[in-house]
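What follows is one structure encoded as structure tokens, with my remarks underneath.
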Amino acid sequence: MLISEVTTFAFTVRQFLEPHWLAAHQGWNEIPSPLSRWMCRYSSIFLVMLLRELQSEHVWEIVGGRPPQDMDGTLQAQVGMLGCDGIWCDHCWVKGNELIIDLTADQFGHAPVIVTHTSDQRYRANLAEIDLEKDLQKLQRRPMQWLSAWRANDSA
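The sequence shown maps to residues 1 to 156 in UniProt numbering.
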């Protein structure tokens, strides 16, 4: 799959997810701007399940960066995603086939969707999918519902 094809696919996925993000935020009684805020893990779980189903010849995984914090909350490491404001933020994205796919980059001031090479310096992972497993298991239900909706939409 060419980077342009992956980018088109990523925008299609994001467009599908936006109403689901809105519904999730409404359930939490807070609708942020942009809607992608706090959705990186849910969206990465959904995207990796979808890619593994559709692109089984490639290895796709969720990775992330979680900056450690000291007692007063200042960041001590440059991991996660580098926001447009120069601050490193806790973030998850999907990696595979030498690419990063990020469906929620706009929460840090970037374009809504980023598809880039794994060498992109805005992304620094310190957590592999195995490290995130405990967090991701807790969040599975919502992306599984989204995947069912995607499949129903796809077969219609």
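For glycine and all other residues, C-beta sits at the position ideal for the given N, C-alpha and C.
Could you give the first and the last residue of the continuous beta strand (DSSP E) run that contains residue i?
i	result
Trp28	Where Trp28 is concerned, there is no enclosing beta strand (DSSP E), given that its DSSP letter is neither H nor E.
residue 164	Absent from the structure is residue 164, since the part of the chain shown begins at 1 and ends at 156.
Glu53	That residue, Glu53, is in no beta strand (DSSP E); its alpha helix (DSSP H) goes 40-54.
Gly64	60-65
Ile87	Neither: Ile87 is in no beta strand (DSSP E) and is coded neither H nor E.
Val115	114-117
Asp106	Careful: Asp106 lies outside any beta strand (DSSP E) and carries neither H nor E.
Find the nearest neighbour of residue i within the set the options, judged by alpha-carbon distance.
i	options	result
Cys84	Gly96, Tyr123, Arg52, Val59	Tyr123
Val63	Ser4, Leu99, Arg141, Lys138	Leu99
Ser119	Ser36, Ile101, Trp38, Asp90	Ile101
Val115	Arg41, Lys95, Arg37, Leu132	Lys95
Gln121	Trp88, Ser36, Leu50	Trp88
Asn97	Arg52, Thr12, Ile130	Arg52
Tyr42	Thr7, Ser4, Trp93, Ala77	Trp93
Using 10 angstroms around the beta-carbon of residue i, count the other beta-carbons present and answer buried if the total reaches 16, otherwise exposed.
i	result
Asp154	exposed
Gly27	exposed
His117	exposed
Gly73	The predicted model places Gly73 with a pLDDT of 48, which falls under 50 and marks its position as unreliable; any figure quoted below should be read in that light. The residue is exposed, with fewer than 16 neighbouring Cβ atoms inside 10 Å.
Val48	buried
Val59	exposed
Lys138	exposed
Leu17	buried
Trp2	Inspection of the sequence shows that residue 2 is occupied by Leu rather than by Trp. Exposed.
Met71	Any reading at Met71 must be qualified, since the residue scores a pLDDT of 38, below 50, and its modelled position is unreliable; the value itself is stated next. Answer is exposed; the Cβ neighbour count stays below 16.
Ser44	buried
Leu50	buried
Arg141	exposed
In the DSSP assignment, find the alpha helix (DSSP H) that holds residue i and state where it starts and stops.
i	result
Met81	First-last for Met81: 80-82, but that is the beta strand (DSSP E), not the alpha helix (DSSP H).
Glu129	129-139
So, under 8 angstroms CB-CB, residue i and residue j are touching, yes? Tell me the CB distance rounded to an integer number of Å.
i	j	result
Phe108	Met144	In fact, because the Cβ distance is near 26 angstroms, the residues do not count as touching under 8 angstroms.
Arg14	Leu103	5 angstroms
Arg65	Ala125	Here the sequence assigns Gly to residue 65, which means Arg is not the residue at that position. Yes, Gly65 and Ala125 are in contact; Cβ-Cβ is about 5 angstroms, under 8 angstroms.
His25	Pro34	Incorrect: roughly 11 angstroms between the Cβ atoms, too far for contact.
Asp90	Pro68	About 10 angstroms separates the two Cβ atoms, so there is no contact after all.
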